[in-house]
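Student: The structure that follows is given in the form of structure tokens.
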Amino acid sequence: MSTNSLYEPYDLGPYTLSNRIVMAPLTRNRAGDGNVPQDLNAEYYGQRATAGLIITEASQISPQGVGYPSTPGIHSPAQVEGWKKVTKEVHDHGGRIFLQLWHVGRISHPS
């Protein structure tokens with residue numbers, strides 16, 4: 302076994318990761334009005350695209366599942382468009398990104 306395997310490509314199902322480094326999800330609280338990912342989100346993830354895989358911050362799947370204010374969602378057309386910008390930025394830098402789906406249940410913060 303090579304001591305450099307951390308930096309070698311890795312096949313994860315149909316995806317080839319550039320290395321075996323995974324960026325764990327970190328809540329940033331940077332979403333804009335309507336919990337839409339912004340250009341700042343795209344820049345943030347793009348800057349980290351050299352990790353083999355990025356797992357995004359938790360992204361609520363419905364308005365009733367919000368855990369904290371200013372966290373991104375994935376349940377409205379505007380939010381989907383915001384995530385498309387993020388995904389494009391990561392892919393343009395050669396990275397892979399998976400979205401973490403989130404619903405906090407009955408303790409949600411829908412306001």
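Numbering of the sequence shown is given in my numbering, commencing with residue 302 and proceeding in unit increments.
Ideal Cβ positions, reconstructed from N, Cα and C, are used throughout, including at glycine.
1) Does the beta-carbon distance from residue 359 to residue 388 come in below 8 Å?
2) Would you kindly work out how many angstroms separate the C-alpha atoms of residue 321 and residue 313, rounded to a whole number?
3) Less than 6 Å between C-beta atoms, sequence neighbours within five positions excluded: which residues of the same chain meet that for residue 394?
4) What residue range does the alpha helix (DSSP H) around residue 388 cover?
5) Verify whether the separation of the beta carbon atoms of residue 366 and residue 405 is less than 8 Å.
6) Roughly how many whole angstroms lie between the Cα atoms of residue 336 and residue 372?
Tutor: On the basis of the coordinates in this document:
1) no
2) 10 Å
3) 347, 350
4) 378-393
5) yes
6) 6 Å
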